[in-house]
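Here numbering that gives the first Met the number 0 is used: the first residue of the sequence shown is 0, the next is one more, and so on.
Ideal Cβ placement from N, Cα and C applies to all residues, glycine included.
In what follows, a single structure is set out as structure tokens and then discussed.
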Amino acid sequence: MTALRQAFAAALTRSFEQRARARQENLDALCLNRAVSAALTVFSAVALWLFVRLRSRTDDQAAQQQARLEGQVQARTADLREPNDHLQTAREDERSHLAREMHDEMGGFLSALKLDVVRLRKTPDMPPGALDKAAQIGQRLDQVIALKRRVIEDLHPSALDMLGLKISLEILCREAADDLGIPVRTELHEVDLPAPARLTVYRLVQESLTNIRKYAQAREVAVRLLHQGNTAQVEVRDDGRGFDP
0 MTALRQAFAA ALTRSFEQRA RARQENLDAL CLNRAVSAAL TVFSAVALWL FVRLRSRTDD
60 QAAQQQARLE GQVQARTADL REPNDHLQTA REDERSHLAR EMHDEMGGFL SALKLDVVRL
120 RKTPDMPPGA LDKAAQIGQR LDQVIALKRR VIEDLHPSAL DMLGLKISLE ILCREAADDL
180 GIPVRTELHE VDLPAPARLT VYRLVQESLT NIRKYAQARE VAVRLLHQGN TAQVEVRDDG
240 RGFDP
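Pasting the structure below:
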């Protein structure tokens with residue numbers, strides 16, 4: 000009987016010990032899992048921080064590189080534009096000089112001829128045939144004077160200096176409509192541009208209208224000058240025939 004109790008006690012003790020070991024193993028496993036989870040969380044947070052930092056640094060480097068490239072492009076564009084601007088300025092200076100000479104020299108000469116014709120027509124006892132001839136000469140002189148004015152305006156548009164770009168383009172388009180015999184619709188906004196840029200815009204529209212008159216066989220033309228931020232947009236459209244590039 001004593002031996003049986005001892006055996007039962009021993010078995011019960013082993014059972015408690017096994018349960019205790021199992022409970023301890025479970026507890027150890029739980030602690031290990033928690034430790035691993037915490038480590039993974041910390042690792043993930045560190046990895047995310049490193050990724051964000053690397054991405055930010057990469058973006059900064061890309062932005063700096065883009066800024067450097069844009070600066071190089073702008074500098075190169077300015078280098079290329081400077082000779083062209085200088086050439087255009089020299090060309091316009093020569094045109095302006097020629098326009099002044101035509102106005103002063105040819106204008107004075109034609110005005111003197113016009114006065115001579117007027118005096119000639121007022122001469123007493125002029126034969127009727129001579130009066131008719133003098134009248135024809137006067138008409139031709141008027142045509143030459145008008146042509147001289149158009150040439151001078153083409154060489155150097157005085158309206159651009161006195162009236163500004165918008166009104167100058169309105170006059171140019173109105174004259175083009177009369178010359179072409181078709182509508183030239185305009186949408187012209189006031190734009191604040193330096194003098195060389197105003198002249199460039201004027202020449203662009205002028206040349207476009209000349210090409211339309213020569214080649215396009217258009218029935219309608221539209222000219223637009225729009226103000227967009229710090230820039231100006233110029234657009235000349237027609238419904239005439241195109242060409243194969």
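Identify the continuous beta strand (DSSP E) that holds residue i and give its terminal residues.
i      : result
Ala221 : 220-227
Arg120 : Arg120 -> not in any beta strand (DSSP E); alpha helix (DSSP H) instead, spanning 106-120.
Leu187 : 183-187
Could you round the C-beta distance between residue i and residue j to whole angstroms and report it? I think they count as a contact, below 8 Å.
i      : j      : result
Leu192 : Val200 : 7 Å
Ala215 : Arg236 : 10 Å between Cβ atoms; not a contact.
Leu140 : Lys113 : 5 Å
Leu310 : Leu187 : Look at the range of the chain in this structure, 0 to 244, and you will see that residue 310 is not part of it.
Ala134 : Arg120 : 7 Å
Val183 : Ala231 : So it is not a contact: roughly 19 Å between Cβ atoms.
Ser95  : His155 : 4 Å
Ala217 : Ile181 : 6 Å
Leu198 : Glu91  : 6 Å
Val204 : Leu168 : 6 Å
Ile136 : Val150 : Rounded, the Cβ-Cβ distance is 21 Å, inconsistent with contact.
Gly106 : Lys147 : 7 Å
Arg212 : Leu179 : 6 Å
For residue i, report the span of its alpha helix (DSSP H) as first-last.
i      : result
Ala194 : 194-210
Please name the residue or residues paired with residue i in a DSSP beta bridge.
i      : result
Glu234 : Arg223
**Prompt:** What are the start and end residues of each continuous alpha helix (DSSP H) run of 4 or more residues lying completely inside the stretch 136-192, in chain order?
**Reply:** 157-162, 164-179
**Message:** Closer than 8 Å is the cut-off here; do at least three beta carbon pairs connect the stretch 164-174 with the stretch 122-130?
**Reply:** no
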